[in-house]
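Working notes, structure below.
Chains as they are written, first to last, in our numbering: chain A, 1 to 880; chain B, 1 to 110.
Rendered as structure tokens:
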């Protein structure tokens, strides 16, 4: 037979009993229950015995058995909190150096946290002003041409998709369809104002809540040639007069159009993902684009937007099936193209993925995540400092804890005391970090155009509440380990003989913390250096043409030749050309191209230029010649193609010389290749490959005038250009940007990311350095007597500095050894993988960065140890 | 203290403790009660009563030696205090007095 005494009752029940039962009664009760249990095992079997045991444990939960000190304990905490605050305050004041190290470290790190909180709070309030914001979804599309699949979704969709959804999917409350860019110069009574906006369908105001000041929201966008203005644009056009019912004129390529103002809405709130000055009725396009088959084509997904207002509790899965059905049906109407539709909730538009053709600025959520993770690391680093210093100094405070315990403090009281202390320090730090936050805010916003456009970082009671929560959280996180540590202190041991306490038992753990801190900081620094190097590399990248001193002036619909005539009179301008767009900064224009095989058509990118463009930008022609002047009226007959086009269509066996003179079809028109140019990056250089690309000749399509300027007096020259501009356009301000600046702006996301990481790494290093300083100060203080004796015995200052700083430098060196390969590995593997052309990792620069950090650490350790080494040993030894 | 009088079950428990002399701990008391009174005595009830008796000052307790039984937990042994003895005697006296007053005939019939 089995030995019954080996069978034990359910552990959890025993633990439950131990938890609720008064300690005085516990042992006896546990014993009794155990005895009964063993007895039951014999009589009724193990299962019944266990069950009985559990029931008994539950039945013993009675008034007289239940612990009461819980309440008492809370009461004691409550009474003692005043005392905790008082002693904490004294300790903070007495150890000014350590308190300030902690407060500064926490303040620096928390200011980053505050920025993050206010950023998240801003992003979270996007589009919340719409009454039905949680039920609005956007239809987004994925485009695939043959095998060229764009992994990214387009925020836009075709008008046809919008129409099909409206017609064939039941159970959608409302659908608002938008068409991008109803922009232009609006004129009323001799007054012209440039405004931008969109075309919107009738139901726009049923989906979105933009409150109407005057006019009827239900019908405002119903009739063709209706326009709804915001209050601000109405004021610009009509001053204080009533706008409703007035007719305004829009200057267009195909003549002027008259629009009737049918409504005025409040200005679009800042926290709206789409921004506009006016909205025109989409029904207008039904009239004007009646003959344009492409307008309603399934593959025309470039400019339309569809927003659905769904009833509550809609089955999104089912809706997606219906969308797939539409895609499947419509994909058959187009050749070689597949388009897939999906839904995107309104809440994920402003803060979400960076979709193509976004209608407004987007904060990419992965960026926010990155900032978030980095700031958590910085905050943790400051918490490390606190933990480290508190535990290191435990020797001095354990006697206080011992006395508290003797007087009757329980563990929980000691924990309470130390947590209160750290929370107090964190709250002090909050005040400092709040000031830092106010200082940092404008700098943060100016990091990136987009931040300035999207964020305000204003304070609200809610945000301040989160700030305080953050401080309390940080305080608890920082004080938790010291609190646990002190709570374990054995009162008798501490009071009897302090030297027997093994305070330095945690030395290894603390060293590990320092190494971890420096590793992380060094990784930050290394990442910044690599990122910055790469950024410079991208900017200095040889695009294949010359951008030096080229000023691009936006034309706003003015005639290029008029401006060029004015500009040519300025002596500093050495050359002028016109182009439809600026290349190499991420702008694209596309056309359809065919060669000999009528079945084989492909998409090519293009720019329309004049005959001066190529020499001005120093583009190299491999064969053939440049365009020659041709009046606007003449039909397009010539193109210049790049090598890639020859490869794609295998024109003349890819021989540039022979390709000249070949006939190709661009948008169904026959044109002759007159030149072949060297490949260059038409999109952004970070794109994976060079695309097929052609230059077309067109003068009247020019969107920009490119001016080559050489000047010694830039402000003067720019002023001259401004005067020239004013002569031909009084409405628009001059928009002139140097090509190099334009390129820099195209990478502003990249550069702001580097700036953010750079700043954070700087902060992380500061915090780690401050922590290190604290440790050095502490260690030297405790070894003061030893140092004095060594000195008396004849140690030199140099040997003392070496002795004191050796340990710390080794820690920093270990950190460097871990950090560098780790960062290198990370970058090689993940971070810059998406870039086709990346800068080689610069080891010497990394090493310089690391050496700087080590030097800073050394200077800090050195100065302090030097101070200690120079103390008069007699003073120290006498006072003992 | 609320009432120093002895309830019926309390009296039984107290008597059992006195009867068990040096061996009076909770489980033994339960067993003894079951044997003598012929009714099941729940541990929970006995515990509560012991606790109450201790509050009233009729018994005192102390923990015994640890053994291998009972999962290594010590037993709590109870002994009757002087106050407890007095209470027992008094309640017996009250009964005796009442018994004496009952005419013999009236009980025998029933």
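Every residue, glycine too, gets a C-beta built ideally from N, C-alpha and C.
Original post:
chain A partners of residue 24(B), CB-CB under 9 Å?
Top reply: Neighbours of residue 24(B) on chain A: none; closest Cβ ~13 Å, over 9 Å.
**OP:** Would you kindly report the start and end of the unbroken alpha helix (DSSP H) that includes residue 791(A)?
**Re:** 784 to 792
**OP:** For residue 56(B), decide whether its Cβ has a neighbour in chain A, counting only Cβ atoms nearer than 8 Å.
**Re:** Closer than 8 Å to the CB of residue 56(B) there is not a single CB belonging to chain A.
**OP:** Would you decide whether residue 326(A) is buried or exposed? Buried here means 16 or more other CB atoms lie within 10 Å of its CB.
**Re:** buried
Subject >> Coil, strand or helix - residue 537(A) by DSSP >> reply: helix
Subject >> Reduced DSSP secondary structure (H/G/I, E/B, other) of residue 603(A) >> reply: Looking at residue 603(A) - three-state DSSP - the assignment turns out to be strand.
Original post:
residue 770(A): beta carbon under 7 Å from a heavy atom of the ligand COA?
Top reply: Looking for the ligand COA in the displayed structure turns up nothing, as the structure carries no ligands at all.
Subject >> Minimum C-alpha distance to residue 365(A) - residue among 120(A), 796(A), 788(A) and 855(A) >> reply: 120(A)
**OP:** May I ask you to verify whether the stretch 337 to 348 of chain A touches the stretch 127 to 144 of chain A, counting CB pairs closer than 8 Å and requiring at least 3?
**Re:** Contact holds between the stretch 337 to 348 of chain A and the stretch 127 to 144 of chain A, because three or more Cβ pairs, one in each stretch, are under 8 Å apart.
**OP:** Identify the continuous alpha helix (DSSP H) that holds residue 355(A) and give its terminal residues.
**Re:** Careful: residue 355(A) lies outside any alpha helix (DSSP H) and carries neither H nor E.
**OP:** Take every Cβ of the stretch 382 to 396 of chain A, pair it with every Cβ of the stretch 770 to 782 of chain A, and state whether three or more of those distances are shorter than 8 Å.
**Re:** yes
**OP:** May I ask you to list the residues that DSSP assigns as paired with residue 738(A)?
**Re:** 551(A)
Original post:
residue 512(A) to residue 877(A), Cα distance in whole Å?
Top reply: Their backbone Cα atoms lie some 33 Å apart in a straight line.
Subject >> Assigned exposure category for residue 413(A) - 16 Cβ within 10 Å defines buried >> reply: Buried is the label assigned to residue 413(A), since at least 16 other Cβ atoms lie within 10 Å of its Cβ.
**OP:** Hey, could you find the ends of the alpha helix (DSSP H) residue 946(A) is sitting in?
**Re:** Since the first and last residues shown for chain A are 1 and 880, residue 946(A) lies out of range.
Original post:
Using a C-beta cutoff of 8 Å, does residue 64(A) count as contacting chain B?
Top reply: yes
**OP:** Taking only runs that begin and end inside the stretch 254 to 335 of chain A, name each unbroken alpha helix (DSSP H) of 4 or more residues, in chain order.
**Re:** 283 to 288 and 316 to 330
Subject >> Contact list for the stretch 28 to 51 of chain A against chain B, Cβ threshold 9 Å >> reply: 28, 29, 30, 31, 32, 33, 34, 35, 36, 37, 38 and 39
**OP:** Report the option in 314(A), 643(A), 41(A) and 857(A) whose CA atom is closest to the CA atom of residue 517(A).
**Re:** 857(A)
Subject >> chain B residues whose Cβ lies nearer than 7 Å to that of residue 22(A) >> reply: Near residue 22(A) there are no residues of chain B at all, since even the closest Cβ is about 10 Å away, more than 7 Å.
Subject >> Where the beta strand (DSSP E) containing residue 192(A) begins and where it ends >> reply: For residue 192(A), the enclosing beta strand (DSSP E) starts and ends at 191 to 195.
Original post:
Going along chain B in order, which residues have a C-beta closer than 9 Å to the C-beta of residue 60(A)?
Top reply: Against chain B, the beta carbon of residue 60(A) has neighbours under 9 Å at 43, 44 and 47, listed in chain order.
Original post:
Cα-Cα, which of 41(A), 400(A), 402(A) and 472(A) is closest to residue 431(A)?
Top reply: Cα-wise, what sits closest to residue 431(A) is 472(A).
Original post:
Of all the beta strand (DSSP E) runs that stay within the bounds of the stretch 558 to 639 of chain A, which reach a length of 3 or more residues?
Top reply: 573 to 579, 590 to 594, 601 to 609 and 621 to 624
**OP:** Write down the C-beta distance between residue 525(A) and residue 765(A) rounded to the nearest angstrom, noting that I regard them as a contact closer than 8 Å.
**Re:** 6 Å
Subject >> Cβ neighbours of residue 116(A) in the same chain (closer than 7 Å, five flanking residues each side left out) >> reply: 371, 372 and 375
Original post:
Would you report the Cα separation of residue 658(A) and residue 446(A), rounded to the nearest angstrom?
Top reply: 52 Å
Original post:
Just to confirm, are residue 397(A) and residue 480(A) a CB contact at a threshold of 8 Å?
Top reply: no
**OP:** Step through the CB atoms of chain A and report whether any lies within less than 8 Å of the CB of residue 27(B).
**Re:** yes
Original post:
To which residues of the same chain is residue 154(A) closer than 8 Å at the C-beta, ignoring the five residues directly before and after it?
Top reply: 140, 141, 142, 143, 301, 302, 355, 356 and 357
**OP:** Measure the Cβ-Cβ separation of residue 84(B) and residue 59(B) and say whether it is below 8 Å.
**Re:** A contact, by the Cβ cut-off of 8 Å.
Original post:
Which residues of chain A have a Cβ atom closer than 8 Å to the Cβ of residue 39(B), listed in chain order?
Top reply: The contacting residues do not exist; residue 39(B) stays about 18 Å from chain A at best.
**OP:** Measure the Cβ-Cβ separation of residue 7(B) and residue 59(A) and say whether it is below 8 Å.
**Re:** At a Cβ-Cβ threshold of 8 Å, residue 7(B) and residue 59(A) do not count as neighbours.
**OP:** Could you tell me which of 194(A), 56(A), 703(A) and 331(A) sits nearest to residue 563(A), measuring between CA atoms?
**Re:** 703(A)
Subject >> Members of the stretch 70 to 85 of chain B near chain A, C-beta cut-off 7 Å >> reply: 70, 71, 73, 74, 75 and 76
Original post:
Per DSSP, which one or two residues make a beta bridge with residue 693(A)?
Top reply: 605(A)
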